[in-house]
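In the working numbering, the protein residues as written are 6 to 421.
Written as structure tokens, this is what we have:
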């Protein structure tokens with residue numbers, strides 16, 4: 006039986022390499038990851054000598070980049086002329102366009118030019134963006150705008166990626182050997198394929214609430230493990246740290262803590278001792294169902310009223326409430342004119358309203374009014390007295406002046 010099974014297994018197994026021939030590139034000495042530059046002198050030529058069709062790419066740029074792009078556009082034009090690519094800056098539409106020409110020989114360079122204008126539109130400096138024309142550099146623009154719904158949370162997580170004074174971003178650049186720029190809703194990355202892949206993982210996990218410091222630590226360990234040739238064909242999982250998510254209870258905000266303290270203090274002052282929270286006894290039965298709006302209307306009899314009567318009732322209630330509020334405000338204004346001693350007595354229960362009871366002491370108001378009248382009369386009397394004294398002094402002065410004038414006239418007549 007076992008022989009039959011073995012025979013069927015051997016028969017069912019496929020040998021994919023049965024008819025495979027050795028290819029010229031199946032050589033361990035060839036590095037398949039290396040990208041050789043386009044060199045016409047070395048024999049890199051297009052069939053037919055030129056491209057059959059013109060290819061073009063265009064991208065829009067924000068208004069704030071217009072001034073900078075106008076300044077650096079001569080440099081961009083010179084750099085693209087070297088690879089035989091035409092470019093155009095349209096300030097009316099706010100767009101940049103690159104296209105192949107009849108002299109373009111490298112078929113892939115137009116894609117490099119497309120990446121160049123994309124990077125320039127995302128606020129990367131021109132000297133850095135021009136490096137994308139080299140074959141060693143690749144780029145990716147990671148969109149992070151739609152990963153977090155809450156705007157405030159998105160801003161916090163984006164700032165977490167940058168770090169204090171850009172420290173986190175700088176550490177990530179050193180580990181991945183990439184240029185990274187966080188701008189608005191995108192993260193622009195320039196570097197090798199491997200570095201871009203690592204950067205994208207860190208950025209996306211940061212937006213999913215995993216701090217970049219954890220991934221930076223992981224990348225640092227991987228960098229050290231790469232140096233050891235013995236571990237090249239082994240799994241590194243046992244060396245790499247695993248960070249599990251912990252559901253730690255968050256601390257209450259400072260305001261809530263203060264409010265709870267004040268509430269407990271006021272309860273202690275009112276009751277003489279801190280109010281102890283009574284533990285509710287467990288009951289398997291659900292709470293009683295609350296009456297619905299219709300039940301309440303049936304209870305009060307409002308259900309049987311017409312729409313006009315309901316509106317009239319609501320208006321009457323509103324007017325009554327406004328009258329009560331007006332009276333309350335008027336009493337509060339009148340309290341300002343009550344003598345402090347009377348107010349103290351009133352606080353004991355004569356005037357002050359406690360627990361919704363509206364009590365007024367008319368005698369207190371009468372006494373206060375009498376005191377006010379007495380004070381007004383006193384001040385008026387003093388004022389009258391002072392004015393009489395002043396007018397008497399003025400009369401004397403005037404009379405004295407008149408006597409001196411008469412004497413002078415008499416002396417003149419005698420001399421004459």
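Think of the CB as a built atom: it goes at the ideal place given N, C-alpha and C, for glycine as much as any other residue.
Buried versus exposed, by CB contacts within 10 Å (16 or more), residue i
i: residue 194; result: buried
i: residue 220; result: buried
i: residue 162; result: buried
i: residue 248; result: exposed
i: residue 299; result: exposed
i: residue 185; result: buried
i: residue 111; result: buried
Own chain partners of residue i with C-beta closer than 7 Å, once the 5 adjacent residues on each side are dropped
i: residue 131; result: 77, 80, 81, 125
i: residue 207; result: 177, 217, 220
i: residue 158; result: none
Coil, strand or helix - residue i by DSSP
i: residue 143; result: strand
i: residue 197; result: coil
i: residue 248; result: coil
i: residue 309; result: helix
i: residue 106; result: coil
i: residue 56; result: coil
i: residue 343; result: coil
i: residue 95; result: strand
i: residue 117; result: helix
i: residue 65; result: strand
i: residue 148; result: strand
i: residue 186; result: strand
i: residue 328; result: helix
i: residue 122; result: helix
i: residue 288; result: coil
i: residue 265; result: helix
Residue closest to residue i, alpha-carbon to alpha-carbon, out of the options
i: residue 61; options: 36, 284, 105, 137; result: 105
i: residue 175; options: 294, 34, 204, 199; result: 204
i: residue 228; options: 108, 317, 245; result: 245
i: residue 108; options: 188, 59, 290; result: 59
i: residue 216; options: 26, 307, 155, 168; result: 168
i: residue 64; options: 31, 29, 123; result: 123
i: residue 128; options: 347, 74, 230; result: 74
i: residue 93; options: 69, 113, 121; result: 121
i: residue 113; options: 88, 320, 67; result: 88
i: residue 70; options: 289, 274, 393, 101; result: 101
Cutoff 6 Å; reference residue i; Cβ partners in own chain excluding five residues on either side
i: residue 91; result: 104, 106
i: residue 383; result: none
i: residue 115; result: 60, 105
i: residue 308; result: 302
Close-in-space but distant-in-sequence residues of the same chain around residue i (CB under 8 Å, 5 per side omitted)
i: residue 19; result: none
i: residue 148; result: 190, 191
For this session: Pair every Cβ in the region 35-44 with every Cβ in the region 74-87, then say whether three or more of these pairs are closer than 8 Å.
Result: no
Exercise. Counting pairs of Cβ atoms below 8 Å between the region 143-156 and the region 196-211, do you hit three or more?
Worked result: yes
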